Every structure is written in C-alpha cells, then in structure tokens.
Amino acid sequence: MTPRQIGLQLGLLVALMAVLGIVYWQHTGVRAVPALINALEGNDLQAQMLAAQELKQMGQPAAAAVPTLLELATEPGRSSLHLEAAGALPPIDLSAARKVMVAWLPKLQDPDPQVRREAASILGALGPVAKPAVRSLLGIAQDPNTIVRDRVVRALETIGLPPDLVMEGLRQALRDPDWTVRYAAVAPFSFGEVSNPETLPLLRELTQDSNQMVARLAQLAVASAERPMGASRHILMLDQGNGRAHSLVQLAKLGPRAAEAVPKLSSLLTARRPIDRYLAASALESIGSAAVEAVPALRQSLQDADPVVREAVAEALRRIENTNRQVSR
Amino acid sequence: MTDVNSNRILTLFTLAVYWTCLLIGLTIPWLATIVIDMLKHDQTLGQALHQLRLHLFAPGYNLFLVALFNAVPFVLFAVFALFHMGRAPVHDRRLCGRRGAGVLMAALALVMFSAWTHAMTLWHPDAQGAIAYLFLPLVLLAVAPVAYAVGRALAPFIFR
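Residue numbers (the numbering used here), protein chains in the order written: chain A, 1 to 329; chain B, 1001 to 1160.
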C-alpha cells in the first residue's frame, strides 16, 4: 500500500471516531434532555423509567424535565413510575420534590393499604428532602398491614432525617411482631450505618430472634455498633461528588459526634448543588450547639436562592441558637 | 503482472483485516447483548434491538461507552495491521504469509476473547461485572502480541 492509501485509511478512522464522539456528545448531558422528556411522555414503561434515572443522574441541568417528572410522580398511574419520577426530582429541584411530598402525604391515611404503602414508598424515594414527612410516617408505624409497616421502615431509613425521630421509628420497628419488618429495621444498622447506645441492647436481643435471617443480620449490626465509625471517614468522602449526599446524611446521623465536620459543612453551604447545601444545613442542625462556629455562614445562607435550602438553614440556626441558650443557662 | 496481483490481494487483505477489526471491536458488546437477550431472555430480534437502543446511554448500562472502551485495543491493533501488512514487501511472499498468519491469529484471538468475556459477563450477571469491561481492553492488549507470535510461529507449517 502506498503512504497515501494508508493515510486515507487513517483519515477514515479519525472520521469514524469523530462521528462516534459526536453521537456520544449529543446523547449525554443537557443535550439529551429533550429526548429524555419525550421518552418520559411516551408509553414504554421501561424507557420512561430509564429516562427518569438518566435525568436524576444529570441533576440540575435536567430542570426542563421537572414538570413532566412532577406529573408522573403525582398523577394516578403505574406505581413503579411514580417511584422513579419522585426519586429523580431531589437532585434536580428540591421544591418540586417537596410538591410530590405534599401530594402524597394525605395518602398515608388512605383506607386502602395499597395506597398507604405506595405513599410510604414514594416519600422514601424522595430521600432526605422528605424530612417533614417523618412524623406522618411515624403516625402509621403501627399500621395493621404488614407491608405498610415494612414500607414505612424502609422510607424512614432512606429519609434518614431528623436522625432522632428516624431512630425512634426504627427502634419501634425492631420490636415489630412480623419478622419482615424487623428485618427491614435491623438492615440499616448492619451495613455500617450509625447506631447509638440505646439501640445496642435491642440489637443484642434480636441476635436471639426466632427468625434466622433477622438473627444473623442483628449479629452483624451488633458487630458494627461495637466498632462505631467516626466522622473523619465521612468528611473525606465529602470531596467526592458521588458519595457526598450519603456522607452528609451519615454526618447528620452522628449528630454532635460529627462536630469536627463543622468547618467543612459550613463551606458546603455554598455548594453548587442545592441538595448538598440542604444536607449540609441539615447536618449542622443535627450537630446542634457544637456547630456554633457555622452561625455566620448559616446567616449568609438565609439568602439562598432555593426556598427549601433557606428553610433548612433557618431550622439549623434555630436549633443551634436554642441549644446554645440551654447550655448557657 | 504477478506482483501487481499480489499487491492487490495484499491490499485487500490488509483493508479487510483493518475494517473488520474496527467494526467487530466496536460492535462485539452490542452483538453479545442482542444474542444473550435472544437466547437467555427469549426475546425476538426486534425486542433485543429495542433493549440495546434503550440501554446505550442509560446510567448503569452505558452500552455505547462499553463499546468504545472495548474498541480501543481493536483500533490499536487495526492501525498496527495497516502498517505491518500495508508496508510489507510484496515480492517476499514468505514474509507476507508469516505476517498475514500472525495478524489473522491475533485478530481471531482478540475477537474470540472479547466475545467470550462479554457473553459470560451478560450470561452470569453480577454486581462486579463491570470490572470485566474495565480490565478487558488491558487483557486484550496483552493477548494480541502473544497470539501474533503464535500465528507467526505456525506460519511455516501453513505456507510451506
């Protein structure tokens, strides 16, 4: 082959690579949003669910999809789609996620257990943004229907905030007469989640549970509680975009024990993603008086562009100032 | 006249290896997905193609990116084959035969190894399955020179 022929083949290869690059570029990031909205509006359930997942991963740049996601999460339809659409909203728009919460909260009191359990699942899918729904969830924690109780426990676990109320609900569920509910309640303690001294005796009791699966999981939970993890590991994770939300919730669960995270949490009050700012404020709230040095940063964040973040900041300030007042008395 | 013919054959062979490597390397993950969907999940060709289209850019699947990643060693090998065969001395038939056997053996090994890995990863799905996609290009880059050497070593027995 002549050098020219070889050059031509290499040129064609470069052209092929450029075409593939353009195709990838067109189908990712904000450019993919219109096509994903179309998929959401279609009739193919799998395509709708995958589109919701992709939009969730995109976060704020997918803002154009909020009305469609909101409609899918709240209007009567297929429950799996409700869950995906609701779960996609928090990283994109906190206020829209709160609207879903408001739409589903009254359904926790519905006479139909299927509606109650779907409502609990959707509130759980919203994650920590559904913090104001925790009291209502605790209100049906003794529901006569086992599946409803199971969904309530799972929802409490994924919402995670406020930690004291969530822990109270989980502790109740550890004594549930049905093993599936006990299993769901013990699971968060078994995988490195935060435990506390009040929970440990209950977990020890469960190691003798009549159900082997619950007993085995409780053994893991006891082992995990005996080696509590400090805040430092979660502080390190705060610099990694993907694991940041999880670490912020874990720090919030640690409460005053996460005091060493206060400077980092204060700096995250100006993070780009509203969900990070919201969770940073919530973590500072649960740290309480030990987060006093974050007060100036919190005061500045009272002007945050996102109303849900502003609300979380105000709650954090109230909690820190109240606990400080109590300490000084 | 014979040299002209030999040159044409060698050029065609080189181009065939070059483009086959590029296209097969890119499409092996997609073909594996389609075949596994049809064999394991009893889907029709149409359904399998629909699944492929849905999962090309879907988070957690990214079959488009998987294909690009899989194609990397194939592209490198194709470029090697283009120069190695394209610039081979046409008049030295023995050398051309040896190089051709080496290139063919390496291409075959790359295709077989990649197809088998993708098929097994999909047939036995596992949470850590994606690790196979990360390491496969590196393994293929190691497999290619070994297979080429084997091909060249076998060439004298084929082209006596």
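Note that the Cβ used here is the ideal one computed from N, Cα and C, for glycine as well. Since the structure is predicted, the reported quantities are computational estimates derived from the model, not experimental observations.
The C-beta of Phe1157(B) comes no closer than 7 Å to any C-beta of chain A. Scanning Leu1082(B), Arg1152(B), Leu1054(B) for the CA closest to the CA of Ala1016(B) turns up Leu1082(B). Rounded to whole angstroms, the gap between the alpha carbons of Gly1102(B) and Ala1153(B) is 8 Å.
Ile6(A) has a beta carbon lying within less than 7 Å of a beta carbon in chain B. At a cut-off of 3 residues, not a single continuous stretch assigned as beta strand (DSSP E) sits fully inside the region 165-247 of chain A. Per DSSP, the continuous alpha helix (DSSP H) segment holding Gly124(A) begins and ends at 113-125.
Annotation: Leu236(A) to Ser266(A) spans about 15 Å, alpha carbon to alpha carbon. Proximity of chain B to Tyr24(A) at the Cβ level (cut-off 7 Å) is accounted for by Phe1064, in chain order. Between the region 1089-1100 of chain B and the region 1031-1046 of chain B there are fewer than three inter-stretch CB-CB distances shorter than 8 Å, so the stretches are not counted as touching. Contact between Leu269(A) and Ala1058(B) does not hold, since the beta-carbon distance rounds to 34 Å and is not under 8 Å. Among the residues of the region 166-180 of chain A, none has a Cβ less than 7 Å away from any Cβ of chain B. With a threshold of 7 Å between beta carbons, Pro1059(B) makes contact with chain A. Per DSSP, the continuous alpha helix (DSSP H) segment holding Tyr278(A) begins and ends at 274-287. Cβ neighbours of Leu1122(B) within its own chain (closer than 7 Å, five residues either side excluded): Ala1032, Thr1033, Ile1036.
With a cut-off of 8 Å on Cβ pairs, the region 270-277 of chain A is in contact with the region 240-254 of chain A, counting three or more such pairs. The shortest CA-to-CA distance from Gln114(A) to any of Asn145(A), Met101(A), Lys56(A) is the one to Asn145(A). Here Val1150(B) has Met1105 as same chain residues with Cβ atoms under 7 Å from its own Cβ, once five neighbours each way along the sequence are excluded. In this structure, the alpha-carbon of Gly21(A) lies about 10 Å from that of Leu1065(B). Think of a sphere of 8 Å around the beta carbon of Arg1008(B): no beta carbon from chain A falls inside it, the nearest being about 10 Å out.
When DSSP assignments are scanned along the region 22-54 of chain A, no uninterrupted stretch of beta strand (DSSP E) that is 3 or more residues long falls wholly within it. With a contact defined as Cβ atoms closer than 8 Å, Ser286(A) and Gly255(A) qualify at about 5 Å.
Rounded to the nearest angstrom, the Cβ distance from Leu69(A) to Leu40(A) is 7 Å, consistent with a contact under 8 Å.
Within the same chain, Met101, Leu123, Ile159 come within 7 Å of Ala130(A) by CB-CB distance, once the 5 residues on both sides are set aside.
For Leu279(A), the closest C-alpha among the options Leu10(A), Arg244(A), Leu302(A), Ile6(A) is that of Arg244(A).
Within the region 1031-1043 of chain B, no residue has its Cβ closer than 9 Å to any Cβ of chain A. If you draw a straight line from the Cα of Leu217(A) to the Cα of Val134(A), it comes to about 25 Å. With distances taken between CA atoms, Leu1134(B) lies nearest to Pro1073(B) out of Pro1073(B), Leu1052(B), Arg1053(B).
Rounded to whole angstroms, the gap between the alpha carbons of Ala63(A) and Pro106(A) is 27 Å. In the three-state reduction of the DSSP assignment, Ile1009(B) falls in the helix class. Straight through space, the alpha carbons of Leu220(A) and Tyr183(A) are spaced by roughly 12 Å. Chain A places a beta carbon closer than 7 Å to that of Gly1086(B), counting this residue as a contact.
Take Val181(A), set aside five residues on each side of it, and the residues of its chain with a beta-carbon closer than 7 Å to its own are Thr146, Arg149, Asp150, Val153, Ala173, in chain order.
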